[in-house]
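What follows is a set of notes on a single structure, which appears directly below.
Number of protein chains: 4
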Amino acid sequence: MAAKRKIDRPVSGGAVLRERVTAAITDAALGELADVGYARMSMEAVARRAGVGKAALYRRWPSKQAMITELVRSKITETLPHIPATGDLHSDLRGLLAAYHSHLANPLVALIGADLLAESRRDSTLADMLQTEVAAPRRQAARCVLQGAIDHGELPPTLDLKLATDLLIAPLAFRTLILDERSDDEYLETLTAATLAALKAAVRQP
Amino acid sequence: MAAKRKIDRPVSGGAVLRERVTAAITDAALGELADVGYARMSMEAVARRAGVGKAALYRRWPSKQAMITELVRSKITETLPHIPATGDLHSDLRGLLAAYHSHLANPLVALIGADLLAESRRDSTLADMLQTEVAAPRRQAARCVLQGAIDHGELPPTLDLKLATDLLIAPLAFRTLILDERSDDEYLETLTAATLAALKAAVRQP
Amino acid sequence: MAAKRKIDRPVSGGAVLRERVTAAITDAALGELADVGYARMSMEAVARRAGVGKAALYRRWPSKQAMITELVRSKITETLPHIPATGDLHSDLRGLLAAYHSHLANPLVALIGADLLAESRRDSTLADMLQTEVAAPRRQAARCVLQGAIDHGELPPTLDLKLATDLLIAPLAFRTLILDERSDDEYLETLTAATLAALKAAVRQP
Amino acid sequence: MAAKRKIDRPVSGGAVLRERVTAAITDAALGELADVGYARMSMEAVARRAGVGKAALYRRWPSKQAMITELVRSKITETLPHIPATGDLHSDLRGLLAAYHSHLANPLVALIGADLLAESRRDSTLADMLQTEVAAPRRQAARCVLQGAIDHGELPPTLDLKLATDLLIAPLAFRTLILDERSDDEYLETLTAATLAALKAAVRQP
DNA sequence: TTCTAATCGAGACGGTACGTCCCGTCTTGCC
DNA sequence: GGCAAGACGGGACGTACCGTCTCGATTAGAA
Numbered sequence: 217m218a219a220k221r222k223i224d225r226p227v228s229g230g231a232v233l234r235e236r237v238t239a240a241i242t243d244a245a246l247g248e249l250a251d252v253g254y255a256r257m258s259m260e261a262v263a264r265r266a267g268v269g270k271a272a273l274y275r276r277w278p279s280k281q282a283m284i285t286e287l288v289r290s291k292i293t294e295t296l297p298h299i300p301a302t303g304d305l306h307s308d309l310r311g312l313l314a315a316y317h318s319h320l321a322n323p324l325v326a327l328i329g330a331d332l333l334a335e336s337r338r339d340s341t342l343a344d345m346l347q348t349e350v351a352a353p354r355r356q357a358a359r360c361v362l363q364g365a366i367d368h369g370e371l372p373p374t375l376d377l378k379l380a381t382d383l384l385i386a387p388l389a390f391r392t393l394i395l396d397e398r399s400d401d402e403y404l405e406t407l408t409a410a411t412l413a414a415l416k417a418a419v420r421q422p
Numbered sequence: 217m218a219a220k221r222k223i224d225r226p227v228s229g230g231a232v233l234r235e236r237v238t239a240a241i242t243d244a245a246l247g248e249l250a251d252v253g254y255a256r257m258s259m260e261a262v263a264r265r266a267g268v269g270k271a272a273l274y275r276r277w278p279s280k281q282a283m284i285t286e287l288v289r290s291k292i293t294e295t296l297p298h299i300p301a302t303g304d305l306h307s308d309l310r311g312l313l314a315a316y317h318s319h320l321a322n323p324l325v326a327l328i329g330a331d332l333l334a335e336s337r338r339d340s341t342l343a344d345m346l347q348t349e350v351a352a353p354r355r356q357a358a359r360c361v362l363q364g365a366i367d368h369g370e371l372p373p374t375l376d377l378k379l380a381t382d383l384l385i386a387p388l389a390f391r392t393l394i395l396d397e398r399s400d401d402e403y404l405e406t407l408t409a410a411t412l413a414a415l416k417a418a419v420r421q422p
Numbered sequence: 217m218a219a220k221r222k223i224d225r226p227v228s229g230g231a232v233l234r235e236r237v238t239a240a241i242t243d244a245a246l247g248e249l250a251d252v253g254y255a256r257m258s259m260e261a262v263a264r265r266a267g268v269g270k271a272a273l274y275r276r277w278p279s280k281q282a283m284i285t286e287l288v289r290s291k292i293t294e295t296l297p298h299i300p301a302t303g304d305l306h307s308d309l310r311g312l313l314a315a316y317h318s319h320l321a322n323p324l325v326a327l328i329g330a331d332l333l334a335e336s337r338r339d340s341t342l343a344d345m346l347q348t349e350v351a352a353p354r355r356q357a358a359r360c361v362l363q364g365a366i367d368h369g370e371l372p373p374t375l376d377l378k379l380a381t382d383l384l385i386a387p388l389a390f391r392t393l394i395l396d397e398r399s400d401d402e403y404l405e406t407l408t409a410a411t412l413a414a415l416k417a418a419v420r421q422p
Numbered sequence: 217m218a219a220k221r222k223i224d225r226p227v228s229g230g231a232v233l234r235e236r237v238t239a240a241i242t243d244a245a246l247g248e249l250a251d252v253g254y255a256r257m258s259m260e261a262v263a264r265r266a267g268v269g270k271a272a273l274y275r276r277w278p279s280k281q282a283m284i285t286e287l288v289r290s291k292i293t294e295t296l297p298h299i300p301a302t303g304d305l306h307s308d309l310r311g312l313l314a315a316y317h318s319h320l321a322n323p324l325v326a327l328i329g330a331d332l333l334a335e336s337r338r339d340s341t342l343a344d345m346l347q348t349e350v351a352a353p354r355r356q357a358a359r360c361v362l363q364g365a366i367d368h369g370e371l372p373p374t375l376d377l378k379l380a381t382d383l384l385i386a387p388l389a390f391r392t393l394i395l396d397e398r399s400d401d402e403y404l405e406t407l408t409a410a411t412l413a414a415l416k417a418a419v420r421q422p
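Chains as they are written, first to last, in the working numbering: chain X, 217 to 422; chain L, 217 to 422; chain V, 217 to 422; chain H, 217 to 422.
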């Protein structure tokens, strides 16, 4: 998913970024990212670890920033879990939380997530990427489940969708990304019940 | 709050870190922090801005990391809001959320919070500090309110305290620190209602 | 002779380029120069060899070019030999040639001289430096001896001074710098005689 | 004169270095040489200028060094002037100096000569090439004229041939290659006279 | 009041990383 | 197999900070 340049045929002959090198760099970069974190990661170290010249990195990405952004985006989105929609609110909710949980449990997501969120305050490109590639799909899935429940009469039509979405995602994300604590099945079960109750009360006040 | 060394009796001579210098550095550092952010802040720039030699910084803190950590810690804790305990669960809850909100609305907290949380994954000293200095007092306040409600019979004794604490803090923290969105009074009001409902359902399943 | 900055007292305290570091760099640079030549010399190698950071080099000289120029200038001029002037043309001539010879026999001069002359075609700063610091004094010495001989009637007043100067310096310089051959006493003796004869004939044609 | 490989019968197929490409490279290289000089010339620039792949260069020469050396060698030798031998020492001498002069006046010789001489101190292959291809023919011509003069009795049989050769070539070479100054007819005329006198005195001392 | 030792501003020190350029080699697909 | 294009590993460029160290000059507590 990396290397975007040089994919269309040049006049003749020409050289193309080599797959194996791209793979080696990607592996090395993700490894470094996990080892030392976003801020302390150095391009030189990545190149060294990949057994590659620095130029090979800069041929693929214009900067350290861009490389990490792209790498993480593809890693995160490729692990985006499927979200079910059975129609029953409680089981949909449970499914949604299970999907979030399994995604957040990915070691890379947990390790890098906090770094990215911190960095995204300063880098609007990164912020936009996270918004459209990561947050939007989740929000969409949540909204889908909520709308279904409203249509079935399980949730009131006065539901504050914005707040409801926050309520759905926040506790698990907060616990995993910020408190760095694991959540077991029992936790998820109780959380589902509590979230269900919260949603029913999340209506705009008269 | 800075300068920890040299506080006990020197052998002789005048050799105490000077207050004015410490203050100048602190101001400059917070200024830089606000201007360029955690990652891009340089000690050189802080020293330059404070009109101070770099050594004056390293005489006070062992590293850039430590300096920022300590500055932010003191800024964060000094703004820790008072938390009321009237006995009425709904109004206590509202008060608690208002207190969290006003604290998180502090620009410095919002700016630096995410950085510190990210960094704390790799720096257990920082993690411990945040845990004891920031998280613990909040958790304690929450627990206090919750226990009162249980004693008054407003919440069931089977309440999962761990989960309940997460439910109390997570939505607001997530929204502010991670989504970087403001919350108005109306939002807080609805959130209070929803949280109240969630808490009542946050009991361990039979 | 290196380090020209920071020699006058700043407002207070301040830091000064350290003598030992300058010496280490100078040695290392001259060593590299002798080993790999002007063109192939690298600042990194010099820094490595001197056990010094690259910044220490760039604190002293603005560029590789400038460093080499200055270093060589000082090395060459510091070995500039004393030139006698007895009044007797033959012995003055012999002395002059001996002085040139001993200077050109300096291994560094011999090794670097050709590099510098080549480079000076492209670098007018270097060319000017060589002209004023190296060539001019020699030319002056030669002119002095020649003028004395004219005054004594040993050389005709119609002597072409420009040509005569070339005749004095060229054979030895050419032989040493370009042919890279040594010259012994016997050679110098014969050369003196031949040069004397040449000078007497070096008059502008009628 | 370039391309030495693949000049004899290829086994099959069309696999001979193409003349047009060689010519384009040669032109481009000489152009770059003139534009930016020996040291700053880059193979990439030559390839670009010739509209040619870098491989085409390295198929013909093993290195930048080798390419320049060979190009310049061929340019220098192809401009080697004819040297007359009338029997009259003065006019032969004048002819010799005129030939040297016209050769050295070739802009390429002047531009590259000093570089090559400098480089030849560290590259014995280059030194040998210059010796056999450039210096030897000139020395031979000089020796020829000198021997003729000895045979005719115009020069003493005790003439120091080595020194005499130096005396013949040095002033002009020095002036052109090192001082980078032009020489006009009048200069050459006077130089001839002076050189003639010098030669007559260039006998080994008793 | 004098002594005296640690602090001060300034910035040099050995390092590491940045992103760029070129070297000489290697790879790809067209002719 | 030569060719144009250009990716490859390597290494140097000159800059910016890191955290440490070195200067005199300043300053304030102990004598």
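Beta carbons: idealized from backbone N, C-alpha and C, even for Gly. Given the structure is predicted, the values throughout are model-derived calculations rather than measurements.
Contact of H:Lys-416 with chain V by beta-carbon distance below 7 Å involves Ala-413.
Close partners of H:Asp-344 in chain V (Cβ separation under 8 Å) are lacking, with about 13 Å as the shortest Cβ gap.
Excluding five sequence positions before and after V:Glu-349, the CB atoms of its chain that fall closer than 6 Å to its own CB belong to Arg-289 and Thr-293, given in chain order. The Cβ atoms of L:Leu-305 and L:Leu-371 lie closer than 9 Å to each other. Distance from the CA atom of L:His-319 to the CA atom of L:Gly-247, rounded to whole angstroms, is 19 Å. Taking the Cβ atoms as the reference, V:Ala-414 lies roughly 5 Å from H:Ala-413, within the contact range of under 8 Å. The beta-bridge partner set that DSSP reports for V:Leu-375 consists of V:Val-419. For H:Arg-256, at least one C-beta of chain V is nearer than 9 Å to its own C-beta. Rounded to the nearest whole angstrom, the CA to CA distance from V:Leu-313 to V:Leu-384 is 8 Å.
Any Cβ of chain H closer than 9 Å to the Cβ of V:Asp-400 would place that residue at the interface, and such an atom is absent. Taking C-beta separations shorter than 6 Å and ignoring five residues to either side along the sequence, the partners of V:Arg-310 in its chain run Thr-408, following chain order. The DSSP-derived three-state label of X:Met-257 is coil. Counting only residues of its own chain and dropping the five nearest sequence neighbours on each side, H:Arg-420 has a CB closer than 7 Å to the CB of Thr-374 and Asp-376.
Contact note: X:Ala-410 reaches chain L through Asp-376, Leu-379, Ala-380, Leu-383, Ala-413, Ala-414, Leu-415, Lys-416, Ala-417, Ala-418 and Val-419, using a C-beta cutoff of 9 Å and chain order.
Judged by their CB atoms, H:Asp-308 and H:Ala-365 are nearer to each other than the 9 Å cut-off. Remark: C-beta atoms of L:Leu-327 and L:Leu-388 do not approach each other more closely than 9 Å. Contacts with chain H at 9 Å (Cβ-Cβ) include V:Arg-337.
Under the criterion of beta carbons closer than 8 Å, X:Thr-238 and X:Arg-276 qualify as touching, at roughly 7 Å. Here L:Arg-337 carries a coil assignment [DSSP, helix/strand/coil].
From the listed residues X:Val-325, X:Tyr-403 and X:Lys-270, the smallest Cα separation to L:Lys-378 is found for X:Tyr-403.
For X:Asp-243, the number of other beta carbons within 10 angstroms of its own is below 16, and it is reported as exposed. Sixteen is the threshold: since fewer than 16 other Cβ atoms of the shown chains lie within 10 Å of the Cβ of X:Asp-400, the residue is exposed. It is roughly 43 Å from the alpha-carbon of V:Arg-338 to the alpha-carbon of X:Arg-256. Cβ contact annotation for L:Ala-418 (same chain, cutoff 7 Å, sequence separation greater than five): Leu-375, Asp-376, Leu-379, Ala-380 and Leu-383, in chain order. Annotation for X:Lys-270: Met-259, Glu-260 and Ala-263 place their beta carbon closer than 8 Å to its own, counting only its chain and skipping 5 residues before and after. Short of 7 Å from the beta carbon of H:Arg-359, and not among the five residues preceding or following it, lie these beta carbons of its own chain, in chain order: Leu-377 and Thr-381. The beta-carbon of V:Leu-313 is placed no less than 9 Å from the nearest beta-carbon of chain H. The residue among L:Ile-394, L:Leu-332 and L:Tyr-316 with its C-alpha nearest the C-alpha of X:Gln-347 is L:Ile-394.
Here X:Pro-387 carries a helix assignment [DSSP, helix/strand/coil].
In the three-state reduction of the DSSP assignment, H:Val-232 falls in the coil class.
Within the model, the alpha-carbon separation for X:Val-325 versus V:Ile-241 is close to 48 Å. With a contact defined as Cβ atoms closer than 8 Å, V:Leu-233 and H:Ala-330 miss out at about 34 Å. L:Ala-314 carries a helical assignment under DSSP once its states are collapsed to helix, strand and coil. For V:Arg-275, the secondary structure class from DSSP, reduced to helix, strand or coil, is helix.
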